[in-house]
Structure formats: structure tokens, C-alpha cells
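Novice:
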DNA sequence: GACATATTGCAAATCATTTGTAATAATAAA
DNA sequence: TTTATTATTACAAATGATTTGCAATATGTC
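Okay, structure coming up:
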């Protein structure tokens, strides 16, 4: 009897490498560009789906119709500041216990996660 | 010489009516369902684009690949709590001066807007 | 190395959204 | 009210992101 788990394959190595290289939320197109078509787009999508489910990567959307992914790294939980002009991204860390507690008090939802993004112009684009 | 501005047309009346009816962020598909194909999808898209630019409607994304729109009504600025199971949406209002001020202090970005969404399970789905 | 099966690449399908264009409808001017 | 002007529509087709089916391939186990 043969039982096998999740395999460490070329696409998985490469997608991880790409995410590590950028260390910010990137689109599938960006990953593909970085990997120069070494693997198929569908493999990138499938790998990201897997990484999401395994809590290796996190998915975000900034409102331009493409999902972005970044490694859940030593950075820990954080939010983003996105430049509406050049797309530059800055990380933001903040203490948000109060924020969460307020919402938990006001609502009867069982909160699992939250997303907070700021949009504006970076120093260069102002 | 003839100069005309923005016209008050059937699609615009209907899309406004649909948004008012739901009074929560809805997808284009939902608007179209409500309007029973009385107007073309492309008109819905174009109307929403216009309403967005005119600050009549606001666009949000909850991460499922479709944009959602809601009227910028007397509700004022608020955030959302989304049930990951049934999709139910609850509004949240909160004082966020502190939140914003902290970010503005830490960063050199000129912040224009922000989005904050909470995800979890509503009372019925827990 | 051989087997069992997880995973890939490829092609095609799907879904949301955008766009070009001729026909239509809304409004200003006559 | 009628006409002239042009913003806007419906329709069809295009685009872009993502998903899916499947035969071929690669990985890990024995």
C-alpha cells in the first residue's frame, strides 16, 4: 500500500521562490513574468490555491480585478498602503485589538479575519 | 449651439432603483437579476462606472472576483462584516480618527481612502 | 527500479468586464 | 411642437482573469 501526501514539485518551488523574491502582494501575471513561462499559468493558479489553503500564502485584492498573493512570512499580520498612481505598496503594522474588540462587541458575527487597505499617493507620485 | 450634460435615462433610473432597493453592496449580476433584463448588462456596467465617478455609488470587493456597488447614502462612511457561509452583510460604523492618524503619521503617503472588511460567520451560520 | 498516484501542461471552457458601433432617445434651440 | 444635436443605449464581439478536464508526466514509496 502506498500513501503519498503533498509533493514538492518544480512549480511549487518556483512559485514559492517568486513570492519570496517580491515579498509583497503580486498578481499571477507578475509571478508568470518573473518565472518566464517556465511553468504553466494553470499550475501557478493551482499552486497558489494550495498555498492559500495551507496558510503559506495570503490572498488580497486591491480593486483592479486581479488577485494578489504574498507569503505569510515573518512579517506577520499587516495591512497595505497602495499608491493609486504607480501601484507601489507599503506595509503597515498596527495594534488593532481595540478595533477588533469594538466590532466583536457591536456584532454577533464570529469574526475570522479582516482586511484593511489604504489608498492614496506615494511620496514620489504626489 | 447646443450643449447638453448628463442625461437622466431609463437605465440610470433603474440601476439607482436597484441599488436603493438592496441598500447593501450588490454585484452586477444581482442588479441584473433584480431588473429582469430590462436593460443590457453593458449599460449596468457603464452606469455604475458613472455613478462611481460622480460619487453616487461606491465600489467594493469582498474577494470572490466580482465587484459590488452600493449607494453612498445617508448611511455615510462605513465598513462591512461579511458572512463567509451565506454571504450576509452587516454594516459597521466606527470612529476611526485614531486609526487614520496613526497611519498618516507613520507613512508619507497622501491617503485618500481606505477599506476595511471583516469576514466570519453570521449568527445563523455559526 | 517498478508501482501507485499526485501533479503537470495543454487546450478549451467559463466568468466578469470592456469596447466598437449603428440605432435610439433625451434635451436645447427654433 | 418640431427639429437638430449629441449623449446614451442595445447588441455583438473582444478581452482578461481564472477554472477545469484529461492524457501525459513526475514524485515518493516499497
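Residue numbers (the numbering used here), protein chains in the order written: chain Z, 176 to 301; chain A, 176 to 301. Backbone N, C-alpha and C fix where the C-beta goes; we use that ideal spot for every residue, glycine too. All values reported here derive from a predicted model rather than from experimental measurement.
On the DSSP letters alone, give me the boundaries of the alpha helix (DSSP H) that residue 224 of chain A sits inside.
Specialist: 216-228
Novice: I'd like to know if residue 288 of chain Z contacts chain A, where contact means its C-beta is closer than 8 Å to some C-beta of that chain.
Specialist: With 8 Å as the cut-off, residue 288 of chain Z counts as an interface residue toward chain A.
Novice: Going by Cα to Cα distance, which pick from Z/275, Z/250, Z/262 is closest to residue 243 of chain Z?
Specialist: Z/262
Novice: Assign residue 252 of chain Z to one of two classes, buried (16 or more other C-beta atoms within 10 Å of its C-beta) or exposed (fewer than that).
Specialist: exposed
Novice: How big is the Cα-Cα spacing for residue 259 of chain Z and residue 295 of chain Z?
Specialist: 6 Å
Novice: Taking just the CA atoms, how far does residue 234 of chain A sit from residue 228 of chain A?
Specialist: Spanning the two alpha carbons is a distance of roughly 10 Å.
Novice: Is the beta carbon of residue 246 of chain A sitting closer than 8 Å to the one on residue 195 of chain A?
Specialist: yes
Novice: For residue 216 of chain Z, which residues in the same chain have their Cβ closer than 8 Å to its Cβ, ignoring the five residues on either side in sequence?
Specialist: Excluding its 5 nearest sequence neighbours in each direction, residue 216 of chain Z has C-beta neighbours in its own chain below 8 Å: 203, 207, listed in chain order.
Novice: Please report the Cβ distance between residue 238 of chain Z and residue 236 of chain A, rounded to the nearest whole angstrom; I am assuming they are in contact, meaning their Cβ atoms lie under 8 Å.
Specialist: 6 Å
Novice: Could you pull the DSSP bridge partners for residue 253 of chain Z from this structure?
Specialist: DSSP lists no partner for residue 253 of chain Z.
Novice: Give me the chain Z residues within the contact set of residue 285 of chain A, using Cβ-Cβ distance strictly less than 9 Å, ordered along the chain.
Specialist: Chain Z residues near residue 285 of chain A: 295, 296, 297, 298, 300, 301.
Novice: List, in chain order, every chain Z residue whose beta-carbon is nearer than 8 Å to that of residue 278 of chain A.
Specialist: 256, 267, 269, 293
Novice: Would residue 265 of chain Z and residue 256 of chain Z qualify as a contact pair, given that the criterion is a beta-carbon distance under 8 Å?
Specialist: yes
Novice: Give me the Cα-Cα distance between residue 285 of chain Z and residue 183 of chain A, rounded to the nearest whole angstrom.
Specialist: 43 Å
Novice: Determine the chain A residues that contact residue 303 of chain Z at a beta-carbon separation under 7 Å, and present them in chain order.
Specialist: It is not possible to answer for residue 303 of chain Z, since the shown part of chain Z is limited to 176 through 301.
Novice: Do residue 210 of chain Z and residue 189 of chain Z come within 8 Å of each other at the CB atom, strictly closer than that value?
Specialist: yes
Novice: Does residue 200 of chain A pass the burial test, meaning 16 or more other C-beta atoms within 10 Å, or should it be called exposed?
Specialist: buried
Novice: Assign residue 184 of chain Z to one of three DSSP states: helix, strand, or coil.
Specialist: coil
Novice: Which runs of the beta strand (DSSP E), 3 residues or longer, sit entirely within the segment 252-300 of chain Z?
Specialist: 254-258, 264-267, 285-296
Novice: Output needed for residue 268 of chain Z: all residues of its chain with C-beta closer than 6 Å, excluding positions within five of it in sequence on either side, in chain order.
Specialist: Within the same chain, and ignoring the five residues on either side of residue 268 of chain Z in sequence, the residues whose Cβ sits closer than 6 Å to its Cβ are 253.
Novice: With a 10 Å radius around its C-beta and 16 neighbouring C-beta atoms as the bar for buried, classify residue 275 of chain A as buried or exposed.
Specialist: With fewer than 16 Cβ atoms within 10 Å of its Cβ, residue 275 of chain A is classed as exposed.
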